[in-house]
Ligand SMILES: [Zn+2]
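In the UniProt record's numbering, the protein residues as written are 1 to 253.
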């Protein structure tokens with residue numbers, strides 16, 4: 001399985017428009033973070049988790065030519081705002097499967113009514129095949145995917161386990177019985193926003209504490225704000241099996 005980090009930034013991305021913060025002005029490419037998303041590939045299959053406002057550029061940058069589906073964690077704009085840009089995939093491949101919680105599907109139908117329209121549909125609009133994700137395993141091709149339920153402030157979010165890889169973003173609280181689903185996984189990706197606490201995201205301390213509970217072989221931090229600091233400096237301070245993800249990083253599991 002190959003995982004490509006398409007984006008590792010928080011909702012505004014890094015740099016923030018108009019910001020003079022030193023991290024926003026950094027020349028290090030690892031300090032440039034698009035909105036959070038990953039590409040997960042195995043055998044001949046390619047799935048993307050979330051498609052935020054940078055989706056089009058991320059697909060171009062990763063030279064991604066086909067996708068087998070989009071899996072959503074939750075409905076916030078930084079995770080869904082690129083949905084219209086599935087059009088090139090739709091034109092080439094036909095209807096694109098999407099996977100999401102019932103509430104997230106409802107939100108997408110509201111935001112993108114023309115994509116879900118069944119009458120008088122605009123010919124340029126893409127069509128999706130909706131798959132409702134409940135908190136129980138589902139199949140993607142031959143692989144069983146296990147949703148991991150958590151809370152992003154008051155909002156329910158899903159993380160996902162694909163074999164030896166688990167991807168959790170926008171988490172603030174995860175119950176022990178959900179943590180059981182990913183214990184000792186080989187590679188864990190989890191969100192770490194900044195040092196200061198935040199009402200709906202793990203800060204660095206909470207992310208490290210969560211990683212200890214999960215006890216993965218390796219962990220990568222994502223959904224990073226400029227306030228966490230320079231990539232190079234922060235990474236030096238992390239435990240030896242924990243890394244900061246950066247855009248375009250690829251890992252093989
Ligand atoms: Zn987010």
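Quick reminder that beta carbons are idealized off the backbone N, C-alpha and C, glycines included.
For residue i, the residue or residues it bridges with in DSSP
i: residue 158; result: 149
i: residue 167; result: 160, 189
i: residue 252; result: 2
i: residue 200; result: Residue 200 is not bridged to any residue.
i: residue 37; result: 7
i: residue 96; result: 128
i: residue 144; result: 139
Limits of the unbroken alpha helix (DSSP H) element including residue i
i: residue 2; result: Per DSSP, residue 2 belongs to no alpha helix (DSSP H); it is in the beta strand (DSSP E), 2-7.
Nearest to residue i (by Cα), restricted to the options the options
i: residue 132; options: 83, 126, 147; result: 147
i: residue 195; options: 237, 123, 250, 59; result: 237
i: residue 151; options: 168, 136, 142; result: 168
i: residue 70; options: 60, 55, 62, 217; result: 55
i: residue 126; options: 2, 107, 96; result: 96
i: residue 98; options: 33, 140, 15; result: 140
i: residue 211; options: 190, 224, 123; result: 190
i: residue 227; options: 15, 1, 3; result: 15
i: residue 19; options: 35, 225, 105; result: 225
i: residue 134; options: 105, 110, 79; result: 105
i: residue 253; options: 59, 219, 12, 109; result: 219
8 Å CB neighbourhood of residue i in its chain, flanking five on each side removed
i: residue 199; result: 153, 172
i: residue 103; result: 75, 156
i: residue 185; result: 161, 164, 165, 166, 214, 216, 217
i: residue 53; result: 35, 77, 78, 81, 82
i: residue 250; result: 2, 3, 4, 5
Residues near residue i in its chain [Cβ-Cβ closer than 7 Å; skip 5 each side]
i: residue 46; result: 39, 64, 66, 67, 68
i: residue 182; result: 148, 161, 166, 188, 214
i: residue 144; result: 137
i: residue 229; result: 23
i: residue 93; result: 66
Residue range of the beta strand (DSSP E) that includes residue i
i: residue 103; result: Where residue 103 is concerned, there is no enclosing beta strand (DSSP E), although the alpha helix (DSSP H) it sits in stretches over 102-111.
i: residue 238; result: Here residue 238 belongs to no beta strand (DSSP E), and DSSP marks it neither H nor E.
i: residue 230; result: That residue, residue 230, is in no beta strand (DSSP E); it is neither H nor E in DSSP.
i: residue 210; result: Run containing residue 210: none in the beta strand (DSSP E); it sits in the alpha helix (DSSP H), 204-214.
i: residue 284; result: Given a span of 1 to 253 for the chain in the structure shown, any question on residue 284 remains unanswerable.
i: residue 23; result: That residue, residue 23, is in no beta strand (DSSP E); its alpha helix (DSSP H) goes 22-25.
i: residue 129; result: 128-132
i: residue 139; result: 138-140
i: residue 316; result: Absent from the model: residue 316. The displayed extent of the chain is 1 to 253, so no value can be given.
Same chain, Cβ closer than 6 Å to residue i, neighbours up to 5 away in sequence not counted
i: residue 206; result: none
i: residue 204; result: 192, 195
i: residue 87; result: 126
i: residue 41; result: 2
i: residue 197; result: 203
Query raised in the report: Whose CB is closer than 7 Å to a heavy atom of ligand 3? List the residues in chain order.
Result: For ligand 3, the structure offers nothing, since it holds only ligand 1.
Report task. Any chance you could list the alpha helix (DSSP H) runs of at least 4 consecutive residues sitting entirely within the stretch 40-93, in chain order? Result -> 55-61, 77-80, 87-93
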